[in-house]
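Residue numbers (the numbering used here): 27 to 150.
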């Protein structure tokens, strides 16, 4: 039981860290330099892939170990998040700064909702 709690605490920590890292990517878009544009889009694409992979597995573990009523809320938020991430990924492929910024805003809203939903963490 104690190992499971430690594992879930690790998942929650990674979820927080990955969320912050994803939100930080928006600053990179806002501060882009013309000569660094190609590198910027590649960096954002790679970071999104990496962070969302961690989030997928960690959210899955947290949702699986949550109580039913909390599980439903977290599942809905996770689905919204991954939908936003898909739109954000498409926006980065288009290399449109305004569209990417809009998608980052949508993603940020859902990430904050996920973090708020994880704060009470009723099953831990």
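Every residue gets a Cβ at the ideal spot worked out from N, C-alpha and C, and that includes glycine.
Anticipated Cβ contact below 8 Å, residue i with residue j, distance rounded
| i | j | result |
| --- | --- | --- |
| residue 126 | residue 111 | Not really, about 12 Å apart at Cβ, beyond 8 Å. |
| residue 103 | residue 139 | 6 Å |
| residue 46 | residue 123 | No, residue 46 and residue 123 are not in contact; Cβ-Cβ is about 22 Å, not under 8 Å. |
| residue 88 | residue 144 | 7 Å |
| residue 34 | residue 91 | 6 Å |
Proximity of residue i and residue j at Cβ, strictly below 7 Å
| i | j | result |
| --- | --- | --- |
| residue 80 | residue 129 | no |
| residue 118 | residue 70 | yes |
| residue 73 | residue 51 | yes |
| residue 94 | residue 37 | no |
Three-way DSSP call (helix, strand, coil) for residue i in this model
| i | result |
| --- | --- |
| residue 27 | coil |
| residue 145 | coil |
| residue 93 | coil |
| residue 45 | helix |
| residue 40 | helix |
| residue 122 | coil |
| residue 113 | helix |
| residue 33 | helix |
| residue 135 | helix |
| residue 73 | helix |
Short CB-CB distance (under 7 Å) between residue i and chain C
| i | result |
| --- | --- |
| residue 38 | Among the chains of the structure shown, chain C does not appear; only one protein chain is present. |
Classification of residue i by the beta-carbon crowding that lies within 10 angstroms, buried from 16 upward
| i | result |
| --- | --- |
| residue 68 | exposed |
| residue 137 | buried |
| residue 41 | buried |
| residue 77 | buried |
| residue 66 | buried |
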